[in-house]
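What follows is a set of notes on a single structure, which appears directly below.
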Amino acid sequence: MAEPILSIEGVHTYYGKIEALKGVDVVVNRGEIVTLIGSNGAGKTTLLMTVCGDPRARQGRVIFEGRDITAMPTDQIVRLGIAHSPEGRRIFGRMSVFENLQMGALTADPKHFDEDIRKVYDLFPRLKERRDQRGGTLSGGEQQMLAIGRALMSRPRLLLLDEPSLGLAPLVVRQIFAAIKEVNEREGMTIFLVEQNAFHALKLAHRAYVLLTGQVALSGSGAELLANPEIRAAYLEGG
Ligand code: ATP
Numbered sequence: 038m039a040e041p042i043l044s045i046e047g048v049h050t051y052y053g054k055i056e057a058l059k060g061v062d063v064v065v066n067r068g069e070i071v072t073l074i075g076s077n078g079a080g081k082t083t084l085l086m087t088v089c090g091d092p093r094a095r096q097g098r099v100i101f102e103g104r105d106i107t108a109m110p111t112d113q114i115v116r117l118g119i120a121h122s123p124e125g126r127r128i129f130g131r132m133s134v135f136e137n138l139q140m141g142a143l144t145a146d147p148k149h150f151d152e153d154i155r156k157v158y159d160l161f162p163r164l165k166e167r168r169d170q171r172g173g174t175l176s177g178g179e180q181q182m183l184a185i186g187r188a189l190m191s192r193p194r195l196l197l198l199d200e201p202s203l204g205l206a207p208l209v210v211r212q213i214f215a216a217i218k219e220v221n222e223r224e225g226m227t228i229f230l231v232e233q234n235a236f237h238a239l240k241l242a243h244r245a246y247v248l249l250t251g252q253v254a255l256s257g258s259g260a261e262l263l264a265n266p267e268i269r270a271a272y273l274e275g276g
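To convert, count from 1 in the sequence shown and add 37; that's this note's numbering.
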């Protein structure tokens with residue numbers, strides 16, 4: 038039986054007078070990979086950020102594990118078990134790989150640290166090799182691995198990933214998506230993935246939503262949307 042871990046219900050989010058989200062409904066069930074695809078400016082990043090409470094939904098509700106988190110401060114939302122790997126990665130450039138991972142673990146029980154960092158290094162052996170290297174000197178792909186690893190160090194029950202494939206070469210994109218799949222299958226991690234790379238995202242996701250100018254235009258299984266001619270024409274051209 039599908040058990041919703043995150044329910045976004047009729048959410049409207051504004052930047053000043055600009056209505057970026059116009060009544061969005063999305064459900065993520067425990068154990069799923071759900072992807073949100075859509076073109077530039079559709080509101081994908083805004084939706085992930087609204088889940089984290091910044092910006093806050095002006096109408097509608099965000100429910101996580103049965104609790105209404107719509108009005109909660111962001112740090113409290115994170116402590117409840119949501120980790121966000123933001124667009125552009127935002128790792129700490131002057132800190133080492135290891136220190137970046139330590140930062141991710143700040144809200145977690147220290148007794149899990151050794152086990153958790155081992156899991157991250159198993160997932161991304163490159164991070165282990167580069168554990169003492171400064172974050173800012175890593176390649177784009179390595180920085181993305183670090184951003185995901187840092188999010189995992191907080192032991193989330195819901196992982197939000199914003200465009201992990203952005204600006205990466207095809208081979209690295211495949212590695213990142215393989216790692217996302219592995220975390221989901223091995224740990225049962227629930228993942229809400231925002232992507233412009235619709236082809237990879239739909240192949241990976243159990244279910245998907247298409248966001249079009251602040252509204253959900255279509256939803257279905259990843260396979261259904263991959264096979265949908267309109268989706269193919271709009272988002273998979275050349276994919
Ligand atoms: P991209 O893939 O380009 O990041 P997106 O689907 O994630 O696109 P958002 O970044 O969520 O889209 O933007 C949705 C809309 O809100 C856009 O019209 C954008 O210009 C606007 N917007 C985003 N951030 C702000 C902001 N801080 N202030 C004002 N408008 C914003």
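Note that beta-carbon positions come from the ideal geometry of N, C-alpha and C, so glycine has one too.
Check whether V61 and I45 have beta carbons under 8 Å apart: For the purposes of this step, residue 61 is taken as the residue at position 24 of the sequence shown. For the purposes of this step, residue 45 is taken as the residue at position 8 of the sequence shown. In this structure, I45 lies closer than 8 Å to V61 by Cβ.
Check each candidate in E56, R98, N265 and name the one with the smallest Cα separation from A79. For the purposes of this step, residue 79 is taken as the residue at position 42 of the sequence shown. Checking every option, the nearest Cα to that of A79 belongs to E56.
Does any heavy atom of the ligand ATP sit closer than 7 Å to the C-beta of T83? As a first step, residue 83 must be located in the sequence shown, where it is residue number 46. Answer for T83: yes, Cβ within range of the ligand ATP.
My guess is that Q170 and S122 are in contact by the Cβ rule of under 8 Å, so how many angstroms apart are they, rounded? Along the sequence shown, one-based indexing puts residue 170 at 133. Along the sequence shown, one-based indexing puts residue 122 at 85. No, Q170 and S122 are not in contact; Cβ-Cβ is about 19 Å, not under 8 Å.
Just checking my contact of P193 with A238 at CB under 8 Å: how many whole Å lie between their CB atoms? Here residue 193 is taken as the residue at index 156 of the sequence shown, counted from 1. Here residue 238 is taken as the residue at index 201 of the sequence shown, counted from 1. So it is not a contact: roughly 19 Å between Cβ atoms.
First through last residue of the beta strand (DSSP E) which encompasses Q252: Residue mapping note: residue 252 aligns to position 215 of the sequence shown, counting from 1. Start and end: 252-258.
Taking 6 Å as the limit between beta carbons, can you name the residues of its chain near R67, skipping five residues before and five after? Against the sequence shown, residue 67 aligns to sequence position 30. The answer, listed in chain order, is E40, I42, T227.
CA nearest to the CA of A206, picked from A216, E200, G178, A184: On the sequence shown, residue 206 is found 169 positions in, with the first residue counted as 1. Of A216, E200, G178, A184, the residue nearest in Cα terms is G178.
Distance check for G251 and T144, CA to CA, integer angstroms please. The residue given as residue 144 occupies position 107 in the sequence shown. The residue given as residue 251 occupies position 214 in the sequence shown. C-alpha separation (whole angstroms): 32 Å.
Is G75 near the ligand ATP, going by C-beta to nearest heavy atom under 7 Å? For this step, residue 75 is matched to residue 38 along the sequence shown. G75 Cβ: within cutoff of the ligand ATP.
Mind the definition here: the segment 93-108 touches the segment 259-273 only if three or more C-beta pairs lie below 8 Å; say whether that holds. no
Would you call the CB atoms of S256 and Y272 closer than 8 Å? As a working note, residue 256 is residue 219 in the sequence shown. As a working note, residue 272 is residue 235 in the sequence shown. No, the pair does not count as a contact, with Cβ atoms beyond the cut-off.
For Q233, verify whether its CB is less than 7 Å away from any heavy atom of the ligand ATP. Locating residue 233 in the sequence shown gives position 196, where the first residue counts as 1. Answer for Q233: yes, Cβ within range of the ligand ATP.
Taking a contact to mean a Cβ-Cβ separation below 8 Å, would you say L175 touches A188 in this structure? Position 138 of the sequence shown, counted from the first residue, corresponds to residue 175. Position 151 of the sequence shown, counted from the first residue, corresponds to residue 188. At least 8 Å separates the beta-carbon of L175 from that of A188.
Coarse secondary structure for H237, derived from DSSP in three states: As a working mapping, residue 237 is identified with position 200 in the sequence shown. Three-state result, H237: helix.
CB of R131 within 8 Å of CB of G173, strictly: In the sequence shown, residue 131 corresponds to position 94, counting from 1. In the sequence shown, residue 173 corresponds to position 136, counting from 1. Yes, the Cβ-Cβ distance between R131 and G173 is below 8 Å.
Is there contact here, the segment 101-118 with the segment 155-170, by at least three beta-carbon pairs under 8 Å? no
Give me the residue from T83, L73, S76 with the minimum Cα distance to K59. Residue mapping note: residue 59 aligns to position 22 of the sequence shown, counting from 1. Nearest of T83, L73, S76 to K59, Cα basis: T83.
Is the closest heavy atom of the ligand ATP to the C-beta of G173 under 7 Å? Your numbering for residue 173 matches position 136 in the sequence shown. Checking the Cβ of G173 against the ligand ATP gives no.
Count the other C-beta atoms from every protein chain shown that fall within 10 angstroms of the C-beta of P147, then say buried if there are 16 or more, exposed otherwise. As a working note, residue 147 is residue 110 in the sequence shown. Around the beta carbon of P147, fewer than 16 other beta carbons sit within 10 angstroms, so the residue counts as exposed.
Use the C-beta contact count for P162: other C-beta atoms within 10 angstroms, 16 or more gives buried, fewer gives exposed. Residue mapping note: residue 162 aligns to position 125 of the sequence shown, counting from 1. Label assigned to P162: exposed.
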